[in-house]
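Here is the structure we will look at.
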Amino acid sequence: MNFSREELLEAQRQIASILHKLRETVGTLQRKECPERYKSQITLARRRIAALELAGSLIARELGEEE
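The numbering used here applies: residue 13 is where the sequence shown begins, and numbers increase by one.
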């Protein structure tokens, strides 16, 4: 499937926004009184961060940008 440059740039912006929110969520959960209670949520957020970073890297490559 081919995507336009504009579609790729918008996806890149959306991924950056979601990554920011997920990283903030991880930080908030880690600062809770008993962060071990949130271990599964933290793990899930970190997995999503990794997946989105991978997607962002592929988009950057498609756009011809250096990561």
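Even glycine gets a Cβ: it sits at the ideal position worked out from N, Cα and C.
Span separating the alpha-carbon of residue i from that of residue j
| i | j | result |
| --- | --- | --- |
| residue 31 | residue 61 | 6 angstroms |
| residue 39 | residue 26 | 20 angstroms |
| residue 17 | residue 69 | 15 angstroms |
| residue 47 | residue 36 | 14 angstroms |
C-beta contact flag for residue i and residue j at 9 angstroms
| i | j | result |
| --- | --- | --- |
| residue 21 | residue 75 | yes |
| residue 67 | residue 34 | no |
| residue 71 | residue 23 | yes |
Unbroken alpha helix (DSSP H) run spanning residue i, endpoints
| i | result |
| --- | --- |
| residue 33 | 17-42 |
| residue 65 | 51-75 |
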